[in-house]
Amino acid sequence: MQCGSSSKFTPVKRIKKCALSVKEKIFVSNVYNFLRKENPSFSVDDTVEKTSNMMGVSKSTTFKVISELKKSKKYVESGSILPHLTVLEVFATKTFPKRHDTDEITKEKGHEVLRLPPYFYVFNPIELIRVLKKRINMLNKRKFQIRF
1 MQCGSSSKFT PVKRIKKCAL SVKEKIFVSN VYNFLRKENP SFSVDDTVEK TSNMMGVSKS
61 TTFKVISELK KSKKYVESGS ILPHLTVLEV FATKTFPKRH DTDEITKEKG HEVLRLPPYF
121 YVFNPIELIR VLKKRINMLN KRKFQIRF
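Residue numbers for the sequence shown follow the UniProt record's numbering, beginning at 1 and rising by one.
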């Protein structure tokens with residue numbers, strides 16, 4: 001998805017591969033078609049905030065997108081025109097990794113962080129027996145008690 005001359009446009013099919021909801025994909029494709037027909041170039045400063053407000057993106061993500069544009073050297077000074085990249089493309093395709101302060105502290109200390117999946121009783125046999133017993137008691141409408 002690009003703004004510029006008609007020969008440099010990327011097909012809208014690429015939008016469907018991003019991780020957005022159906023409503024957001026429709027919005028992005030509508031804005032993309034509008035930009036393609038009406039306004040092939042745009043001001044970065046105006047569009048970043050307007051786009052983030054329309055898509056319901058947080059301000060921190062907006063600042064991350066701006067910093068990403070600056071790093072990739074596709075961002076020009078404020079008020080200038082950015083012809084070959086839309087902010088919508090960055091919102092649609094860029095994913096930001098989650099950063100945890102504890103991860104950075106443990107890496108400084110020389111340790112490695114292991115992220116575990118959320119707790120689920122099926123993976124713990126003792127909890128599984130307890131849940132099965134509780135369900136049986138609930139079906140029989142008795143008070144929950146485990147007797148050994």
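All residues carry an ideal CB built from backbone N, CA and C; glycine is no exception.
Host alpha helix (DSSP H) of residue i (start-end)
{"i": "Val131", "result": "Pro125 to Leu139"}
{"i": "residue 155", "result": "As shown, the chain starts at 1 and ends at 148. That puts residue 155 outside it, with no answer to give."}
C-alpha distance - residue i paired with residue j, whole-angstrom precision
{"i": "His100", "j": "Phe123", "result": "26 Å"}
{"i": "Leu139", "j": "Asp103", "result": "45 Å"}
{"i": "Ser112", "j": "Ile105", "result": "It is Glu, not Ser, that sits at residue 112 in the sequence shown. So the two alpha carbons sit approximately 10 Å from each other."}
{"i": "Ser109", "j": "Ile126", "result": "The residue asked about is misnamed: residue 109 is Lys in this sequence, not Ser. So the alpha carbons of these two residues sit roughly 35 Å apart."}
{"i": "Arg135", "j": "Lys141", "result": "10 Å"}
{"i": "Val131", "j": "Pro117", "result": "20 Å"}
{"i": "Pro97", "j": "Asn137", "result": "44 Å"}
{"i": "Lys133", "j": "Arg115", "result": "31 Å"}
Cβ distance (whole Å) where residue i is taken to contact residue j below 8 Å
{"i": "Leu128", "j": "Tyr121", "result": "6 Å"}
Sequence-distant residues of its chain with Cβ nearer than 8 Å to residue i (five each side left out)
{"i": "Lys107", "result": "Val113"}
{"i": "Ser60", "result": "none"}
Spatial neighbours of residue i in its chain, beta-carbon cut-off 6 Å, leaving aside the 5 residues before and after
{"i": "Phe63", "result": "none"}
Within-7 Å CB hit, residue i to chain D
{"i": "Gly110", "result": "Among the protein chains of the structure shown there is no chain D, as only one such chain exists."}
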